[in-house]
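Encoded as structure tokens, the structure appears first; notes follow it.
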Amino acid sequence: IRRSADRAAALTRQLLAFSRKQVMQPRLLDLHSVVVGLEKLLRQLVGADVVIEVQTEPGLWPVRADPGHVEQVLMNLATNARDAMPEGGPLVFSTRNVVIEQVNARDLPGLPPGEYACLTVTDTGAGIPEHVQPHIFEPFFTTKEMGKGTGLGLSTVYGIVKQMGGGVYLEPTAKPGTRFRIYLPRVPDSEPTSSA
Numbered sequence: 374i375r376r377s378a379d380r381a382a383a384l385t386r387q388l389l390a391f392s393r394k395q396v397m398q399p400r401l402l403d404l405h406s407v408v409v410g411l412e413k414l415l416r417q418l419v420g421a422d423v424v425i426e427v428q429t430e431p432g433l434w435p436v437r438a439d440p441g442h443v444e445q446v447l448m449n450l451a452t453n454a455r456d457a458m459p460e461g462g463p464l465v466f467s468t469r470n471v472v473i474e475q476v477n478a479r480d481l482p483g484l485p486p487g488e489y490a491c492l493t494v495t496d497t498g499a500g501i502p503e504h505v506q507p508h509i510f511e512p513f514f515t516t517k518e519m520g521k522g523t524g525l526g527l528s529t530v531y532g533i534v535k536q537m538g539g540g541v542y543l544e545p546t547a548k549p550g551t552r553f554r555i556y557l558p559r560v561p562d563s564e565p566t567s568s569a
């Protein structure tokens, strides 16, 4: 009964979050610091069989984002990865700077050319079937069994990232697995950044 009540409460929170724009309190952030600060909680969330790796590029550009919402994005992606890797395996969070030029902006619909901090989350699960990929950010779309997923995790990720002025994209991987790239616009280095 308690587990059902907890699931109902979580679903209600997700529905409320999805049904309205999130109230954000953006500030300058270093994405890598947010990932590192959340690493212990992510390890508990995914369990002992999933090995979290954090990789970064030095000099990551600051972004303007709400730290709580960035954490929500990370937890949703980690939860999906955990569910896709029942046998465990590596789950990699990496950050780097990316310059999107007009020529490669065509591959990233909705993302204008510019400078971005990129957060990549890569798992080694079964991957997302090609016929399902166009629907993964749709609300209530899920490939999980009845009672195992709400179909709001990735749509919430999409909504939060869009509200922060960025983009989230599913990328093919060379091996089985799933890779999401999140691009958030660079903020000029004129203000101090916060880690969370």
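Numbering-wise (the numbering used here), the sequence shown opens with residue 374 and increments by one.
Virtual Cβ for every residue (Gly too), placed ideally from N, Cα, C.
#1: For the putative contact between residue 485 and residue 438, defined by C-beta atoms under 8 Å, what is the C-beta separation to the nearest angstrom?
#2: What does the alpha-carbon distance come out to for the pair residue 499 and residue 397?
#3: When we look at the beta-carbon of residue 436 and count the other beta-carbons within 10 Å, is it buried (16 or more) or exposed?
#4: With DSSP as the reference, label residue 452 as helix, strand or coil.
#5: Just how far apart, CA to CA, sit residue 560 and residue 434?
#6: Would you mind stating whether residue 573 and residue 481 have Cβ atoms separated by less than 7 Å?
#7: Could you work out which residue in 534, 541, 469 is closest to residue 405 when comparing CA atoms only?
#8: If I measure Cβ to Cβ from residue 534 and keep anything under 6 Å in the same chain, skipping five residues before and after, which residues do I get?
#9: With respect to the alpha helix (DSSP H) encompassing residue 415, which residues constitute its N-terminal and C-terminal limits?
#10: Mapping DSSP to helix, strand and coil, what is residue 529?
#11: Based on the DSSP secondary-structure assignment, which residues constitute the bridge partners of residue 426?
#12: Let's test the definition: count the other Cβ atoms within 10 Å of the Cβ of residue 414 and tell me whether it reaches 16, buried, or not, exposed.
#13: What does a CB cutoff of less than 8 Å around residue 432 pick up in its chain, not counting 5 residues either side in sequence?
On the basis of the supplied data:
#1: Numbered from its first residue, the sequence shown carries residue 485 at position 112. Numbered from its first residue, the sequence shown carries residue 438 at position 65. For residue 485 against residue 438, the beta-carbon gap comes to about 17 Å, at or over 8 Å, which does not count as contact.
#2: For the purposes of this step, residue 499 is taken as residue 126 along the sequence shown, with counting starting at 1. For the purposes of this step, residue 397 is taken as residue 24 along the sequence shown, with counting starting at 1. C-alpha separation (whole angstroms): 34 Å.
#3: In the sequence shown, the residue the question calls residue 436 occupies position 63. With 16 or more other CB atoms across the displayed protein chains lying within 10 angstroms of its CB, residue 436 is buried.
#4: Locating residue 452 in the sequence shown gives position 79, counting from the first residue. Note: residue 452 maps to helix in three-state DSSP.
#5: Position 187 of the sequence shown, counted from the first residue, corresponds to residue 560. Position 61 of the sequence shown, counted from the first residue, corresponds to residue 434. Straight through space, the alpha carbons of residue 434 and residue 560 are spaced by roughly 7 Å.
#6: Outside the modelled stretch of the chain, which goes from 374 to 569, sits residue 573, for which no answer is possible.
#7: Within the sequence shown, numbered from 1, the residue matching residue 405 stands at position 32. Considering only alpha carbons, the answer is 469.
#8: Here residue 534 refers to the residue found at position 161 when the sequence shown is read from its first residue. So the list reads 541, 555, once near-sequence residues are dropped.
#9: Numbered from 1 along the sequence shown, position 42 holds the residue referred to as residue 415. Its alpha helix (DSSP H) spans residues 404-419.
#10: The residue labelled residue 529 in the question sits at position 156 within the sequence shown. Helix.
#11: What you label residue 426 is simply residue 53 of the sequence shown in a count that begins at 1. Partner(s): 465.
#12: In the sequence shown, counting from the first residue as 1, residue 414 sits at position 41. Under this definition residue 414 is an exposed residue.
#13: Locating residue 432 in the sequence shown gives position 59, where the first residue counts as 1. So the qualifying residues of the chain are 470.
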